[in-house]
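Colleague: Before we start, here is the structure in question, set down as structure tokens.
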Amino acid sequence: MVSTVLLASACKTIDPAQAKPAVITNPSAETTAELTEVVSTIFNGRPVTLAQDVLTESNILSIQIAEHKKDGLPVMGRIEEMPRQFQLIKHEEGCYLFDSQNDTLYPLQTVQCQAIELP
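Using the numbering used here, the first residue of the sequence shown is number 25, and each one after it goes up by one.
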């Protein structure tokens with residue numbers, strides 16, 4: 025089953041077969057800030073902390089929502105929610121963060137990436 029993905033900010037479709045897994049080749053405070061903003065937006069503005077070397081060795085990013093705490097104790101008990109997975113992909117000259125939960129691609133403006141071969 026081949027699906028077509030619609031870009032979040034443009035009316036362009038990408039055939040997933042033409043997109044390749046990728047890693048970031050220009051990690052910097054600027055690229056980390058852009059990724060942090062995109063992921064935070066996906067999580068409805070929740071704060072997100074990412075390492076500056078995120079997506080430089082793997083194309084997979086897994087985010088687990090932190091539990092809410094008061095006085096060091098969980099407020100609502102343990103987290104039952106599964107981590108949300110994202111993939112960095114390259115299509116033509118663009119780099120995109122793919123949210124597999126809702127099949128959405130988020131174009132990245134400051135990120136440069138290189139396609140990789142998966143084992």
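Glycine included, each C-beta is placed from N, C-alpha and C at the ideal position.
Since the model is a prediction, treat every value here as computed from it, not as a measurement.
(1) Output the distance between the C-alpha atoms of residue 86 and residue 124, rounded to the nearest integer angstrom.
(2) Just to confirm, is the Cβ distance from residue 47 to residue 74 under 8 Å?
(3) Start and end of the beta strand (DSSP E) containing residue 47?
(4) Could you check if residue 83 is buried or exposed, using at least 16 other CB atoms within 10 Å of its CB as the buried criterion?
(5) Helix, strand or coil for residue 139? Go by DSSP, reduced to three states.
(6) Which residues in the same chain have their Cβ closer than 6 Å to the Cβ of residue 54, if we skip the five residues on either side of it in sequence?
Modeller: The answer reads as follows:
(1) Each residue's Cα considered, the two are about 11 Å apart.
(2) No, they are not a contact pair.
(3) 44-48
(4) Burial call: buried.
(5) strand
(6) 134
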